[in-house]
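Visitor: Below: one structure in structure tokens.
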Amino acid sequence: MSTITISAKDLTKEAPRSPRIRLGGYVILGRTTDKCRAFLAGTIGEYHFDCPLDNQLFGFKGITGDDFKHEVEKGLSDDELVAWVDSHGASKTPNEIKAWSDQVENYSLISDPEKKDFFIDECKKVGIDPYKSSLFDWLEADDKASFKK
């Protein structure tokens, strides 16, 4: 039996891809892939795979983090993972994927009463205005702050 080597970013030294980067039209997918590969390689650092952000994608497609991880364990490329996501769970048209991705990319926690205070505090830590920032703005600013030399 051959062993598959997973090529992964070392997330103790660099951030995963921005959640804005779209693979197959899906926001979050590149970042989720980076975190899953790093999890499997033992280099995930402070990041979390199968977290609420990843679950937005999994929920939209009707797949699970465990199912996705199983595919990543096979050593699939980004393009192969896009094909797997497209062909599993709920069938989505390119227009549905784009509409969902656009909505998620523009979402802000400021509009969530349960998460508003957390979001304000976290945005202040990275120097961005919570009232003008999306969740993705905060994630990118937090990634940048985490890896300043």
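The sequence shown begins at 10 in our numbering and counts up one residue at a time. Note that beta-carbon positions come from the ideal geometry of N, C-alpha and C, so glycine has one too.
#1: Count the other CB atoms, across all protein chains shown, that sit within 10 Å of the CB of CYS60; report buried if there are 16 or more and exposed otherwise.
#2: Using the beta-carbon count (16 or more within 10 Å), is ASP146 buried or exposed?
#3: Consult DSSP for LEU32 and reduce its assignment to one of helix, strand or coil.
#4: Select from SER120, TYR35 and GLY54 the residue whose C-alpha is nearest the C-alpha of SER142.
#5: CB-CB under 6 Å to SER11, same chain, minus the five flanking residues each way: which ones, in chain order?
#6: Is DSSP giving HIS79 helix, strand or coil here?
#7: Using a Cβ-Cβ cut-off of 7 Å (strictly less than) and excluding sequence neighbours within five positions of THR183, which residues of its own chain qualify?
#8: Does the structure place the region 90-97 close enough to the region 123-143 that three or more beta carbon pairs sit under 8 Å?
#9: In this structure, does DSSP put SER11 in helix, strand or coil?
#10: Give a yes or no on whether the C-beta atoms belonging to ILE37 and VAL113 are separated by under 8 Å.
#11: In or out: PRO103 buried (at least 16 other Cβ within 10 Å) or exposed?
#12: What are the boundary residues of the alpha helix (DSSP H) that includes ILE129?
#13: Report yes if the CB atom of ILE106 is closer than 8 Å to the CB atom of TYR35, and no otherwise.
#14: Using the Cα positions of LEU62 and LYS157, report the straight-line distance between them to the nearest angstrom.
Guide: Looking at the atomic coordinates:
#1: The residue in question, CYS60, is exposed, as its Cβ has fewer than 16 Cβ neighbours within 10 Å.
#2: Classification of ASP146: buried, given that the 10 Å Cβ count is 16 or more.
#3: Of the three classes helix, strand and coil, the one that applies to LEU32 here is strand, per DSSP.
#4: Looking at the Cα atoms, SER120 is the closest of the given residues.
#5: Caution applies to SER11, whose pLDDT of 49 falls short of 50 and renders its modelled position unreliable; the value that the coordinates give is listed next. Here the set comprises nothing.
#6: DSSP places HIS79 in helix when its eight states are reduced to three.
#7: Any answer about residue 183 is impossible in this case: the structure gives the chain only from 10 up to 158.
#8: Between the region 123-143 and the region 90-97 there are fewer than three inter-stretch CB-CB distances shorter than 8 Å, so the stretches are not counted as touching.
#9: Unreliable placement is indicated for SER11, whose pLDDT of 49 sits below 50; the coordinate value is still reported in the next sentence. If DSSP states are grouped into helix, strand and coil, SER11 belongs with coil.
#10: The criterion of a C-beta distance shorter than 8 Å is satisfied by ILE37 and VAL113.
#11: The residue is exposed, with fewer than 16 neighbouring Cβ atoms inside 10 Å.
#12: 125-135 is the extent of the alpha helix (DSSP H) around ILE129.
#13: In this structure, TYR35 lies closer than 8 Å to ILE106 by Cβ.
#14: When the Cα atoms are used, LEU62 and LYS157 turn out to be separated by approximately 23 Å.
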